[in-house]
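S.K.:
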Amino acid sequence: IGEVLLRFQEEPLEQGIYAIGTKNLEGVFDGLTFFVDPGTEGQNDEQLNHPNYVNRIDHLVVTTSDCDRTTQALETAGIEARRVRAFGEKNSKMRQTFFWLGDVILELVGPDTKSGDEPATIWGLALISDQIEKTVEFYGEAATQLKPAVQSGRFITTVKTRNFGITDALAIMTPH
578 IGEVLLRFQE
588 EPLEQGIYAI
598 GTKNLEGVFD
608 GLTFFVDPGT
618 EGQNDEQLNH
628 PNYVNRIDHL
638 VVTTSDCDRT
648 TQALETAGIE
658 ARRVRAFGEK
668 NSKMRQTFFW
678 LGDVILELVG
688 PDTKSGDEPA
698 TIWGLALISD
708 QIEKTVEFYG
718 EAATQLKPAV
728 QSGRFITTVK
738 TRNFGITDAL
748 AIMTPH
């Protein structure tokens, strides 16, 4: 999808998304597994088109019980935090930290104050479709009704992934 090559195993060792392919990062950082992936070099656009009209990945959502620990692990690995946003009420304040992985955003979400020792986990993906109405039509009843996204001017649908035996969340949005 775009510059990101997704690979699937017939018999996955783990359920859901379990690793992140990048051009130059390999290792496990606060529970997140990264591997070097050659990407889509040498493939033409026709090979990259998908019948669901998805063009690329917008962002990968990772959750953590300790934003400071996970941010430090990612920055130690060479992934720079680009923006931080805190939100919520005083006693339940949450934090989002945004990192760039090539042309994909990694959105880290968790409590503003450490709530446990569990490692970070991949929660879901947000994909981009230039033809979102056709994407919703492709998924039929497995997609929610198209609605305005949080980002002004964009629209979003959520795929009911459990219908397909997928544990990760999947949203599809219009481009920026």
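Each residue of the sequence shown is one higher than the one before, starting from 578 at the first, in my numbering. Note that beta-carbon positions come from the ideal geometry of N, C-alpha and C, so glycine has one too.
1. Does the Cβ-Cβ distance between I733 and T751 come in under 9 Å?
2. Quick check: the Cα distance between T610 and R633, rounded to an integer number of angstroms?
3. From W677 to T599, what distance separates their C-alpha atoms?
4. Taking the beta carbon of S706 as the centre, do at least 16 other beta carbons fall within 10 Å, making it buried, or is it exposed?
5. Less than 9 Å separating the beta-carbons of G687 and D635?
6. For R660, write down the residues that DSSP places opposite it in a beta bridge.
7. Going by other Cβ atoms of all chains shown within 10 Å of its Cβ, with 16 needed for buried, is T653 buried or exposed?
8. Please name the residue or residues paired with R633 in a DSSP beta bridge.
9. According to DSSP, simplified to helix, strand and coil, what is A650?
10. Between the alpha carbons of F570 and Y595, how many angstroms are there, rounded?
11. Can you list, in chain order, the residues of its chain with a C-beta nearer than 8 Å to that of V605? Leave out the 5 residues immediately preceding and following it.
12. Distance, Cα to Cα, G693 vs N740?
13. Pick out whichever of I749, S729, G665 has its Cα sitting closest to the Cα of A719.
14. Assign G717 to buried or exposed, taking buried as 16 or more other Cβ atoms, counted over all protein chains shown, within 10 Å of its Cβ.
15. Should D607 and R646 be called a contact, given that it needs their Cβ atoms to be closer than 9 Å?
16. Measuring only the C-alpha atoms, how far is T690 from P628?
17. Rounded to the nearest angstrom, how far is the Cβ of T641 from that of A697, given a contact under 8 Å?
M.R.: In short:
1. Yes, the Cβ-Cβ distance between I733 and T751 is below 9 Å.
2. Roughly 21 Å separates the two Cα atoms.
3. So the two alpha carbons sit approximately 11 Å from each other.
4. Within 10 angstroms of the beta-carbon of S706 lie 16 or more other beta-carbons, which makes it buried.
5. The Cβ-Cβ distance between G687 and D635 does not fall below 9 Å.
6. Beta-bridge pairing links R660 to F675.
7. Taking a 10 Å sphere around the C-beta of T653, we find fewer than 16 other C-beta atoms and assign the residue as exposed.
8. Paired residues: I705.
9. A650 sits in a helix when the DSSP states are folded into three classes.
10. Not covered by the structure: residue 570. The range shown for the chain is 578 to 753.
11. Once the five neighbours on either side are set aside, the close Cβ partners of V605 are F611.
12. N740 has its alpha-carbon roughly 31 Å from the corresponding atom of G693.
13. Nearest C-alpha to A719: I749.
14. Result: exposed.
15. Taking 9 Å as the Cβ cut-off, D607 and R646 qualify as a contacting pair.
16. Cα-Cα distance, rounded: 42 Å.
17. Indeed they touch by this definition, with Cβ atoms about 4 Å apart.
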